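Report on the following structure.
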Amino acid sequence: MNSLLGLLIAAPLLGAAVLLLGGRFVDRVAPVLGSALAGLSFVLGAILFSNLLGKPASGRAIDSDLFTWMHVGTFKADAAFHLDQLSMTFVLLITGVGTLIHIYSIGYMAHDEKRRKFFGYLNLFLAAMLILVLADNYLLLYVGWEGVGLASYLLIGFWQHKPSAATAAKKAFLVNRVGDIGLAVAVFLMFTTFGTFTFQGILHPSVVSSAGQGKATALGLVLLLAACGKSAQVPLQSWLGDAMEGPTPVSALIHAATMVTAGVYLITRSSAIFNAAPTAQLAVVCVGAVTLLFGAIVGCAKDDIKKALAGSTMSQIGYMILAAGLGPIGYVFAIMHLVTHGFFKAGLFLGAGSIMHAREDEVDMRKYGGLWKKMPWTFATFGLGYLAIIGFPGLSGFFSKDKIIEAAFAKGGTEGWILGGAALLGAAITAYYMSRIMVMTFFGKPRYTTKAEGGTSPEAHESPAVMVAPMVVLAVGSVFAGGFFSLGSRFLHWLEPVTGHSEGHSPVSTGVLTAATIVLMLLGMGLAWFQYGMREVPAAAPRSIWPVRLARRDLGQDDFNHAVFVRGGTRFADGLAEFDAKGVDGAVRGVAGAVGGGSSRLRKLQNGYVRSYAFSMFGGAVLIVAATLFMRAV
Amino acid sequence: MNPVNYVYLAALLFTIGAAGVLIRRNAIVVFMCVELMLNACNLAFVTFARMHGGLDGQIVAFFTMVVAAAEVVVGLAIIVSVFRTRHSASVDDANLMKL
Numbered sequence: 005m006n007s008l009l010g011l012l013i014a015a016p017l018l019g020a021a022v023l024l025l026g027g028r029f030v031d032r033v034a035p036v037l038g039s040a041l042a043g044l045s046f047v048l049g050a051i052l053f054s055n056l057l058g059k060p061a062s063g064r065a066i067d068s069d070l071f072t073w074m075h076v077g078t079f080k081a082d083a084a085f086h087l088d089q090l091s092m093t094f095v096l097l098i099t100g101v102g103t104l105i106h107i108y109s110i111g112y113m114a115h116d117e118k119r120r121k122f123f124g125y126l127n128l129f130l131a132a133m134l135i136l137v138l139a140d141n142y143l144l145l146y147v148g149w150e151g152v153g154l155a156s157y158l159l160i161g162f163w164q165h166k167p168s169a170a171t172a173a174k175k176a177f178l179v180n181r182v183g184d185i186g187l188a189v190a191v192f193l194m195f196t197t198f199g200t201f202t203f204q205g206i207l208h209p210s211v212v213s214s215a216g217q218g219k220a221t222a223l224g225l226v227l228l229l230a231a232c233g234k235s236a237q238v239p240l241q242s243w244l245g246d247a248m249e250g251p252t253p254v255s256a257l258i259h260a261a262t263m264v265t266a267g268v269y270l271i272t273r274s275s276a277i278f279n280a281a282p283t284a285q286l287a288v289v290c291v292g293a294v295t296l297l298f299g300a301i302v303g304c305a306k307d308d309i310k311k312a313l314a315g316s317t318m319s320q321i322g323y324m325i326l327a328a329g330l331g332p333i334g335y336v337f338a339i340m341h342l343v344t345h346g347f348f349k350a351g352l353f354l355g356a357g358s359i360m361h362a363r364e365d366e367v368d369m370r371k372y373g374g375l376w377k378k379m380p381w382t383f384a385t386f387g388l389g390y391l392a393i394i395g396f397p398g399l400s401g402f403f404s405k406d407k408i409i410e411a412a413f414a415k416g417g418t419e420g421w422i423l424g425g426a427a428l429l430g431a432a433i434t435a436y437y438m439s440r441i442m443v444m445t446f447f448g449k450p451r452y453t454t455k456a457e458g459g460t461s462p463e464a465h466e467s468p469a470v471m472v473a474p475m476v477v478l479a480v481g482s483v484f485a486g487g488f489f490s491l492g493s494r495f496l497h498w499l500e501p502v503t504g505h506s507e508g509h510s511p512v513s514t515g516v517l518t519a520a521t522i523v524l525m526l527l528g529m530g531l532a533w534f535q536y537g538m539r540e541v542p543a544a545a546p547r548s549i550w551p552v553r554l555a556r557r558d559l560g561q562d563d564f565n566h567a568v569f570v571r572g573g574t575r576f577a578d579g580l581a582e583f584d585a586k587g588v589d590g591a592v593r594g595v596a597g598a599v600g601g602g603s604s605r606l607r608k609l610q611n612g613y614v615r616s617y618a619f620s621m622f623g624g625a626v627l628i629v630a631a632t633l634f635m636r637a638v
Numbered sequence: 216m217n218p219v220n221y222v223y224l225a226a227l228l229f230t231i232g233a234a235g236v237l238i239r240r241n242a243i244v245v246f247m248c249v250e251l252m253l254n255a256c257n258l259a260f261v262t263f264a265r266m267h268g269g270l271d272g273q274i275v276a277f278f279t280m281v282v283a284a285a286e287v288v289v290g291l292a293i294i295v296s297v298f299r300t301r302h303s304a305s306v307d308d309a310n311l312m313k314l
């Protein structure tokens, strides 16, 4: 079994190597080869999963020590992998959803010249993400972490001939670097504090507490910074919206199976550290709560279907971070929501891609409308994903999101009420913006004129089967995953040995909460229907009131970054340049000038007249004699 | 005669020599003035030897003579070669070392 673990990662890595280094020879097989290797990885994951299931609950782990990576003095880093219930969950999600997205891309990218590279990058993305979740130490995790950053950069900027895509890729990379610094500092801190990087050596309550509360808090905060970068949480959220410049399957991959889930994984994996640092936990829940509202509000105002979905991702990840920050009452639900979200968000993005595919990359929802008749499969799968994300009773989101809201209330005290309130409000806004997307896209009259009618738009058509099939699978997952996990608290029992679990005591009963969630959800749906379903949707966005305009500008995130970091950085650099020019250079030039001036004056003494030299000697001799006599006299 | 008078004479000769070195431009004259200063020193050495009743001063006077003879050889050679190239014995004309 141990060797299978290596193979699991090797398959997509091999795919990336072959596709990226193979040149034109592998052009024709690229889509199939890439998908097949991703699928192979999933099959291996499934075999390992059945193997884990066969073991007793307490000992479900497989370790695979590949080789010693570095060994210098007391510094030792192994390339070793550790598969437990938590990483197994991620492996199945990453490879499962990843494979579906690969298959979908066969259809979506069929006409792209650079298909081979695209599939190579996708495989690289999977491999990096698998290294990230399977590493058994923080140093190796960092390798996967950076690999994910690299792959996302390559994929977001895949159409780099578009300046906007190239810029978006750079933005994503740079913002991620900020978070990466957090993880790097965390790794340094761990080594200086504990002398090791391994999960086994660090993540134990007694080890963490031996380092003291201050160290644990510091570690927690830098890990949170890292998670904020990868998971697009406030204040490092600004890259996510622009990342929509990448091809749609990439968006689906980034938002559902890889990348943004890395932060949640990091926090859940480091639970021992966070459990020992209440301050860091408080920071985590604050970030989560703020982001879940931030993303939801931004999602309400966007007309670009992908950007609206991006806002939604930010908001849903906010839920997960919030749950992870709640401690043992939330970890399991964070991961459960992550998995169900993986299904419905991938489904939604693939649906959006299917619509764009049919409409020649039109993303403005104001130019959609009435698509349900033209694209029944897309409508059905997108609709099920939609019902799942707003938490329609019985579907996946209902089970996972309700648990998080409940856990937020169970935090207790004023904090619990604030967090729970934020989560509830977020649920209402989610229902509103998702219904808005649904209504604007699929219902109403078509707000475009096809070529047949004398317009410019192509006639919408259903996507090929290779694209529809993954959407159907994901829709099935969106519908049943939550219920399946909740049945007999299966997911809870599965994950509990790794993350731990404690029941919270919610001041509000479960029944009341569920009812409140459903009522708020219906309210949100109703409001969206009232605004966009019952009235005509204008073809151009109306000017609207200032909060809406602000939300359209992503609540001023870029303006803020520009004003504070770009301008501030420029001013700082200008100041330094001026200091350098005037202060440092001034001092150097001053010294040089003084020496130069002095020597040109001294030079005049060297006039070439022997008499004057003789006079200098004479003067000197007189001086020496005078001084000698003077000293004698004294 | 009081030996101190010789010291006065030595001082006077030295002063004349020094003034000549500083003031005159003809290299030969400057050179002669240098000789004059050296001989003034010799006179002072010998006088002091006499006053203190030691031999050191007289020995040093011999050394000075040897050095002076050597210096005359080198110095005159330089003056002659400068005169050949520049057709002048003025020390102010030999100022090529000036910046």
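These protein sequence lines are chains A and B, in that order. Per my numbering, residue 5 is the first one in the first sequence, and the count goes up by one each step. Per my numbering, residue 216 is the first one in the second sequence, and the count goes up by one each step. The C-beta atom is built at its ideal place from N, Cα and C for all residues, glycine as well. This structure is a prediction, so every number in the text was calculated from the model and none was measured.
Worksheet item: For chain A, is any of its Cβ atoms less than 8 angstroms away from the one on B:Val244?
Response: Not one chain A Cβ lies under 8 angstroms of B:Val244.
Item to complete: Using 10 angstroms around the beta-carbon of A:Asp82, count the other beta-carbons present and answer buried if the total reaches 16, otherwise exposed.
Response: By the Cβ neighbour-count rule, A:Asp82 is buried, with 16 or more other Cβ atoms within 10 Å of its own.
Worksheet entry | Distance, A:Arg363 Cα to A:Ser400 Cα | Within the model, the alpha-carbon separation for A:Ser400 versus A:Arg363 is close to 30 angstroms.
Practice prompt. Kindly list, in the order they appear in chain A, the residues whose Cβ is closer than 8 angstroms to that of B:Leu237.
Written response: Correct list: Arg615, Ala618, Phe619, Phe622.
Discussion item. Please list the terminal residues of the continuous alpha helix (DSSP H) segment that includes A:Leu11.
Written reply: Note, A:Leu11: alpha helix (DSSP H), 6-25.
Worksheet item: Exposed or buried, what is A:Asp563 when buried is set at 16 or more other beta-carbons lying within 10 Å of its beta-carbon?
Response: That one is exposed.
Worksheet item: Helix or strand or just coil, what does DSSP make of A:Phe79?
Response: Reduced to three states, the DSSP call for A:Phe79 is strand.
Worksheet item: Going straight from the alpha carbon of A:Arg605 to that of B:Ile243, what length do you get?
Response: Each residue's Cα considered, the two are about 32 angstroms apart.
Fill in: Proximity below 8 angstroms, CB of A:Ala139 to CB of A:Thr221
Not a contact, by the Cβ cut-off of 8 angstroms.
Worksheet entry | Under 9 angstroms by beta carbon: chain A residues contacting B:Asp271 | Those within 9 angstroms of B:Asp271 in chain A number zero; the least Cβ separation is about 19 angstroms.
Discussion item. To test your reading of the DSSP string, which unbroken alpha helix (DSSP H) runs of 4 or more residues are found completely within the segment 281-334 of chain A?
Written reply: Taking only runs of at least 4 residues, the alpha helix (DSSP H) segments lying wholly in the segment 281-334 of chain A are 282-305, 309-329.
Worksheet entry | Under 7 angstroms by beta carbon: chain A residues contacting B:Val306 | Residues of chain A passing the Cβ test: Val614, Arg615.
Worksheet item: What residues in its chain sit with their C-beta under 8 angstroms from that of A:Leu96, if we drop five residues either side in the sequence?
Response: Taking A:Leu96 as the centre and dropping the five residues before and after it, the same chain places the C-beta of Phe46, Gly49, Ala50, Phe53 closer than 8 angstroms to its C-beta, in chain order.
Worksheet entry | Where A:Ile2 falls: helix, strand or coil (DSSP) | Residue 2 of chain A falls outside the range modelled here, since chain A spans only 5 to 638, and no answer is possible.
Discussion item. Give me the DSSP bridge partner(s) of A:Asp368.
Written reply: As DSSP reads the structure, A:Asp368 sits in a beta bridge with A:Asp308.
Item to complete: Pull up the CB-CB distance for A:Leu225 and A:Gly183, whole angstroms please, since I reckon it's below 8 angstroms.
Response: Between A:Leu225 and A:Gly183 a beta carbon distance of about 12 angstroms is seen, past the 8 angstroms cut, so the two are scored as non-contacting.
Item to complete: Mind checking who A:Leu375 pairs with in its DSSP beta bridge?
Response: Its beta-bridge partners do not exist; DSSP assigns none.
Fill in: Limits of the unbroken alpha helix (DSSP H) element including A:Thr197
Where A:Thr197 is concerned, the enclosing alpha helix (DSSP H) stretches over 167-198.
Discussion item. I believe A:Gly250 touches A:Phe162 by the beta-carbon criterion, under 8 angstroms. Please report the beta-carbon distance rounded to the nearest angstrom.
Written reply: Sure, about 6 angstroms apart at Cβ, within 8 angstroms.
Worksheet item: Got a sec, what are the start and stop residues for the alpha helix (DSSP H) B:Arg265 sits in?
Response: Counting along the chain, B:Arg265 sits inside the alpha helix (DSSP H) bounded by residues 242-267.
Fill in: Cα-Cα separation between A:Ala155 and A:Gly267, rounded to whole angstroms
Rounded to the nearest whole angstrom, the CA to CA distance from A:Ala155 to A:Gly267 is 16 angstroms.
Discussion item. Strictly under 8 angstroms for the Cβ-Cβ distance: is B:Asn257 near chain A by that measure?
Written reply: So, not an interface residue.
Worksheet item: How many whole angstroms separate the CB atoms of A:Leu130 and A:Pro16, which I take to be in contact at a CB cut-off of 8 angstroms?
Response: Correct: roughly 4 angstroms between the Cβ atoms.
Worksheet item: CB A:Val191 to CB A:Val238, shorter than 8 angstroms?
Response: No, they are not a contact pair.
Fill in: Neighbour flag for B:Ala233 against chain A, beta carbons, 8 angstroms
Yes, contact with chain A.
Fill in: Reference A:Ile394, options A:Glu410, A:Met525, A:Ala427, A:Val592, closest by Cα
It is A:Met525.
Worksheet item: With burial defined as no fewer than 16 other Cβ atoms inside 10 Å of the residue's Cβ, what is the status of A:Gln610: buried or exposed?
Response: By the neighbour-count rule (16 or more Cβ atoms within 10 Å), A:Gln610 is not buried but exposed.
Worksheet item: Ends of the alpha helix (DSSP H) at A:Phe123?
Response: A:Phe123 -> alpha helix (DSSP H) spans 119-138.
Worksheet entry | 8 angstroms Cβ cutoff met for A:Ala328 and A:Ile98 | Note that the C-beta distance between A:Ala328 and A:Ile98 is not below 8 angstroms.
Worksheet item: With a cut-off of 8 angstroms, do at least 3 Cβ pairs link the segment 332-339 of chain A to the segment 297-306 of chain A?
Response: Three or more Cβ pairs closer than 8 angstroms define a contact, and the segment 332-339 of chain A falls short of that threshold against the segment 297-306 of chain A.
Discussion item. On the DSSP letters alone, give me the boundaries of the alpha helix (DSSP H) that A:Asn2 sits inside.
Written reply: No answer is possible for residue 2 of chain A: it lies beyond the span of chain A, which begins at 5 and ends at 638.
Worksheet item: Looking at the C-beta of B:Asn254, does it have a partner C-beta in chain A at a distance below 8 angstroms?
Response: Chain A, which has no Cβ nearer than 8 angstroms to the Cβ of B:Asn254, makes this no.
Practice prompt. Return the first residue and the last residue of the alpha helix (DSSP H) that A:Val599 is part of.
Written response: Per DSSP, the continuous alpha helix (DSSP H) segment holding A:Val599 begins and ends at 589-607.
Worksheet entry | For A:His509, the three-state DSSP class (helix, strand or coil) | Reduced to three states, the DSSP call for A:His509 is coil.
Practice prompt. Could you tell me which chain A residues have their CB closer than 7 angstroms to the CB of B:Asn310, listed as they occur along the chain?
Written response: Chain A residues near B:Asn310: Gly612, Tyr613.
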